[in-house]
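In my numbering, the protein residues as written are 136 to 278.
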């Protein structure tokens with residue numbers, strides 16, 4: 136039975152040393168390649184880090200949106216509760232409120248009609264006065 140030397144790594148330490156030696160030997164057969172940088176690996180790592188950043192940003196945006204929604208719901212609930220308390224403090228019956236608004240509207244209509252009648256009466260008096268003056272002028276010219 137073959138047991139790994141470390142519980143965190145699947146290979147044993149001798150296999151790891153052997154892989155490092157093979158990688159070093161393979162670099163001799165490819166003189167133009169750099170043993171320090173593995174371009175495919177760095178590309179994959181860059182893509183992976185970009186994906187991790189994008190996921191983190193999306194997660195942060197979702198969290199922020201959720202917080203905004205909950206704060207809006209809480210503020211709306213507080214406003215509604217405040218309005219309910221104010222309405223309870225006023226203890227006004229909707230029927231009484233309707234009657235009061237109808238009475239106020241009726242009073243305003245009556246005041247408007249009275250003002251209109253007064254205005255019409257003044258206009259009629261001015262017209263009668265102008266007609267008298269015209270008749271006096273015509274009779275004075277006729278004489």
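Where is the CB? At the ideal position from N, CA and C, for every residue including glycine.
Item checked: First and last residue of the uninterrupted alpha helix (DSSP H) at residue 147 -> Within the chain shown, numbered from 1, the residue matching residue 147 stands at position 12. For residue 147, no alpha helix (DSSP H) encloses it, and the DSSP letter there is neither H nor E.
Notebook entry, point to check: Does residue 239 get closer than 9 Å to chain C when you measure Cβ to Cβ?
Noted result: Looking for chain C here will not work: only one protein chain is present.
Margin query: Measuring only the C-alpha atoms, how far is residue 101 from residue 206?
Written below: Any property of residue 101 remains undetermined from this structure, which presents the chain solely from 136 to 278.
Notebook entry, point to check: In whole angstroms, what is the alpha-carbon distance linking residue 221 and residue 243?
Noted result: By 1-based counting over the chain shown, the position of residue 221 is 86. By 1-based counting over the chain shown, the position of residue 243 is 108. Put simply, the backbone Cα of residue 221 is about 28 Å away from that of residue 243.
Item checked: Extent of the continuous alpha helix (DSSP H) run through residue 226 -> In the chain shown, counting from the first residue as 1, residue 226 sits at position 91. Segment: none, residue 226 is in no alpha helix (DSSP H) and carries neither H nor E.
Note to self: Beta-carbon within less than 8 Å of residue 214's beta-carbon, same chain only, minus the 5 sequence neighbours each way: which residues are those?
What the structure shows: Walking along the chain shown from the start, residue 214 turns up at place 79. None.
Note to self: Can you give me the C-alpha to C-alpha distance between residue 178 and residue 190, rounded to a whole angstrom?
What the structure shows: Here residue 178 refers to the residue found at position 43 of the chain shown. Here residue 190 refers to the residue found at position 55 of the chain shown. Computed Cα separation, rounded: 18 Å.
Note to self: Using a Cβ-Cβ cutoff of less than 7 Å, which residues in the same chain neighbour residue 136 once the five nearest sequence positions on both sides are dropped?
What the structure shows: As a first step, residue 136 is located in the chain shown; it is residue number 1 there, counting from the start. Any answer about residue 136 is weak, because its pLDDT of 47 lies below 50 and its placement is not dependable; what the coordinates show is given next. Taken in chain order, the list of residues that qualify is empty.
Notebook entry, point to check: In whole angstroms, what is the alpha-carbon distance linking residue 186 and residue 200?
Noted result: Your numbering for residue 186 matches position 51 in the chain shown. Your numbering for residue 200 matches position 65 in the chain shown. C-alpha separation (whole angstroms): 21 Å.
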